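*Asks:*
Number of protein chains: 2
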Amino acid sequence: MEYFQVRTYTSADYEALCRLDEPLFEGMGGHVLFRHIEELFPNLFFVAENTQTHEIMGYILGGIHFNDPKTGKLIRIGVKSDCQRMDVGSHLVAALFTEMKNQGVNKVHLTVADTNTAAISFYLKKGFQIRKREEKYFYPNASRLILEKEL
Amino acid sequence: MEYFQVRTYTSADYEALCRLDEPLFEGMGGHVLFRHIEELFPNLFFVAENTQTHEIMGYILGGIHFNDPKTGKLIRIGVKSDCQRMDVGSHLVAALFTEMKNQGVNKVHLTVADTNTAAISFYLKKGFQIRKREEKYFYPNASRLILEKEL
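Quick mapping for you: the protein sequence lines, in order, are chains A and B.
Residue 2 is where the first sequence starts when you use our numbering, and the numbers rise one by one after that.
Residue 2 is where the second sequence starts when you use our numbering, and the numbers rise one by one after that.
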């Protein structure tokens, strides 16, 4: 039995998410990103919550291309380090993709630093495929992989 | 005669924008935001470029609410400190609003820290009105004003 639930983010989750995000994505502006996605794509922003303690264990953010509404983007996923290996990430991904499909999305892409082998391995297990490598994508000097998956 | 032009952002502008943004919005994740907006709302991302030197003088980012496509958001505007008071901001705002109107948007909102009097004054001159104040909006502890304008 799961002891956590995935539910839509609400603005009351913001502070907990900022604290969760800082050690995971230091300097990557989570506190700014959350506020924008909350307004622009409220249905594509999910959190996993411990059903007993109500602790936020992780989150996922998505978006849809304005000029190409069948293409979705997995913007970011973060799971607290002491909540990893509990399938939280899989449930977050499933919730996001279900909602994207409801909105007519049939292809999702994401960007990952080419050095982030844990994340790359996670995404490959979820059915993503590596489409492209792009040098110096992140400022000032980190390369990215673009991964894609049909929904 | 203008000696700058406003044009759509391209990914070749990214590094110059990161350098321009850092002193203006330190710690506010511009380098991350630019990459996401580049993919999600490419038509709502403009830069002002000096037509002689090709220096990037400023930028503006917008988005449209996925669940309410008549509502636009002015996500961020930044003008290099030595390019301010040259009407660059006004031209960037005009370009964004023209494109938003083309896309069917009839109302734009934005968020500004309630302490940022220079920005608030700029927006009020552009026809925005203050709609709401919200405590502790930015993590960890800054309040915001929500401003709105009919297009």
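Virtual Cβ for every residue (Gly too), placed ideally from N, Cα, C.
Bear in mind that the values here come from a model prediction, so they are computed numbers and not experimental data.
#1: Tell me H1 (chain A)'s beta-bridge partners as DSSP assigns them.
#2: Anything in chain B within Cβ reach of I121 (chain A), meaning under 7 angstroms, just list it in chain order.
#3: Skipping 5 residues on each side, what residues in its chain have a beta carbon closer than 6 angstroms to that of T72 (chain A)?
#4: Taking 7 angstroms as the limit between beta carbons, can you name the residues of its chain near D14 (chain A), skipping five residues before and five after?
#5: Within 8 angstroms, do at least three Cβ pairs link the stretch 129-141 of chain A to the stretch 83-98 of chain A?
#6: Taking C-beta pairs closer than 7 angstroms, name the residues in chain B that I61 (chain A) reaches, listed in chain order.
#7: Which of helix, strand or coil does DSSP assign to E56 (chain A)?
#8: Inspect the beta-carbon positions of T112 (chain B) and I147 (chain B) and report whether they are closer than 8 angstroms.
#9: Start and end of the beta strand (DSSP E) containing F123 (chain A)?
#10: To the nearest whole angstrom, what separates the beta carbons of G64 (chain B) and I76 (chain B), a pair I think is in contact under 8 angstroms?
#11: I need the DSSP call for G105 (chain A), collapsed to helix, strand or coil.
#12: Taking 8 angstroms as the CB-CB limit, is N103 (chain A) close to chain B?
#13: Counting pairs of Cβ atoms below 8 angstroms between the stretch 26-37 of chain B and the stretch 14-24 of chain A, do you hit three or more?
#14: Rounded to a whole number of angstroms, what is the C-alpha to C-alpha distance between E135 (chain A) and Y138 (chain B)?
#15: Buried or exposed for G105 (chain A), going by 16 or more other Cβ atoms inside 10 Å?
#16: Taking DSSP's pairing of strands, which residues face Q6 (chain B) in a bridge?
#17: Identify the contact partners of I76 (chain A) in chain B, using a Cβ-Cβ distance below 8 angstroms as the criterion.
#18: Quick one: Cα of F5 (chain B) to Cα of N44 (chain A), how far?
#19: Would you please state the rounded distance, in angstroms, between the beta carbons of K115 (chain A) and S82 (chain A)? I believe it to be under 8 angstroms.
#20: Using the Cα positions of R8 (chain B) and Q53 (chain A), report the straight-line distance between them to the nearest angstrom.
#21: Can you round the beta-carbon distance between L152 (chain B) and K102 (chain B) to whole angstroms, since I take them to be within the 8 angstroms contact cut?
#22: Using the DSSP secondary-structure output, state which residues sit across from K133 (chain B) in a beta bridge.
#23: Can you tell me where the alpha helix (DSSP H) holding E16 (chain B) begins and where it ends?
#24: Chain A beta carbons: is any one of them nearer than 8 angstroms to that of E50 (chain B)?
#25: Just curious, the alpha helix (DSSP H) that R36 (chain B) is in, first and last residue?
#26: Can you tell me the Cα-Cα spacing of H55 (chain B) and A17 (chain B), whole angstroms?
#27: Here's the rule: buried if 16 or more other CB atoms are within 10 angstroms of the residue's CB, otherwise exposed. What is L41 (chain A)?
#28: Going along chain A, which residues have a C-beta under 7 angstroms from F47 (chain B)?
*Replies:* The relevant details are as follows:
#1: Look at the range of chain A in this structure, 2 to 152, and you will see that residue 1 (chain A) is not part of it.
#2: Those do not exist, as I121 (chain A) stays about 18 angstroms from chain B at its closest Cβ, beyond 7 angstroms.
#3: H66, K108
#4: V48, I57
#5: no
#6: Residues of chain B passing the Cβ test: none, with the nearest at roughly 14 angstroms.
#7: If DSSP states are grouped into helix, strand and coil, E56 (chain A) belongs with coil.
#8: yes
#9: That residue, F123 (chain A), is in no beta strand (DSSP E); its alpha helix (DSSP H) goes 118-126.
#10: Going by Cβ atoms, the distance from G64 (chain B) to I76 (chain B) rounds to 5 angstroms, so yes, they are a contact pair.
#11: coil
#12: Not one chain B Cβ lies under 8 angstroms of N103 (chain A).
#13: no
#14: Taking C-alpha positions only, E135 (chain A) is separated from Y138 (chain B) by approximately 35 angstroms.
#15: exposed
#16: B:E50
#17: H37
#18: Computed Cα separation, rounded: 39 angstroms.
#19: The sequence as given places Asp at residue 115 (chain A); Lys does not occur at that position. At roughly 22 angstroms, the Cβ-Cβ gap does not stay under 8 angstroms, so D115 (chain A) and S82 (chain A) are not in contact.
#20: 52 angstroms
#21: About 5 angstroms separates the two Cβ atoms, so the contact holds.
#22: B:I147
#23: Residues 15-25.
#24: no
#25: From DSSP, the alpha helix (DSSP H) with R36 (chain B) extends over 31-41.
#26: 11 angstroms
#27: buried
#28: Per Cβ cutoff of 7 angstroms: no residues; F47 (chain B) is ~15 angstroms from chain A at best.
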